[in-house]
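In the working numbering, the protein residues as written are 30 to 125. Glycine is no exception: its CB is placed at the ideal position from the N, C-alpha and C atoms. Just so it is clear, the structure is predicted and the values come from calculations on it, not from any experiment.
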């Protein structure tokens, strides 16, 4: 099993954090970043994977409300979920 984050000098790479059922609950990226010595305001890139792009508006609402401004760059793609009810997976890269 891979660790929730990998730290190299100056950067933290967070593995994908998932949520099942409702798209709106926040993932635990905040806690993973803090354990690695970083924070949400140091994120420079998010990759978001949705099981269904119909959830984009709900995800974007949470993204705008939850994250510090200015928001970093983001990619959002539809991806086939693992079959466990996962509706979203988010990974990020942050400054250490």
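Taking 8 Å as the upper bound for CB-CB distance, residue 70 and residue 116 are not in contact here, some 26 Å apart. The DSSP-derived three-state label of residue 108 is coil.
Closest option to residue 79, judged by alpha-carbon separation, among 37, 43, 124, 111: 111. Residue state for residue 98 is assigned as coil, using DSSP reduced to three classes. Counting C-beta atoms within 10 angstroms of its own C-beta, residue 67 has 16 or more neighbours from the protein chains shown and is therefore classed as buried. Residue 33 sits away from residue 77, with the two beta carbons spaced by 9 Å or more.
For residue 65, the three-state secondary structure derived from DSSP is coil. Looking at the DSSP output, residue 76 shares a beta bridge with 104, 120. CA-CA distance, residue 81 to residue 49, rounds to 12 Å.
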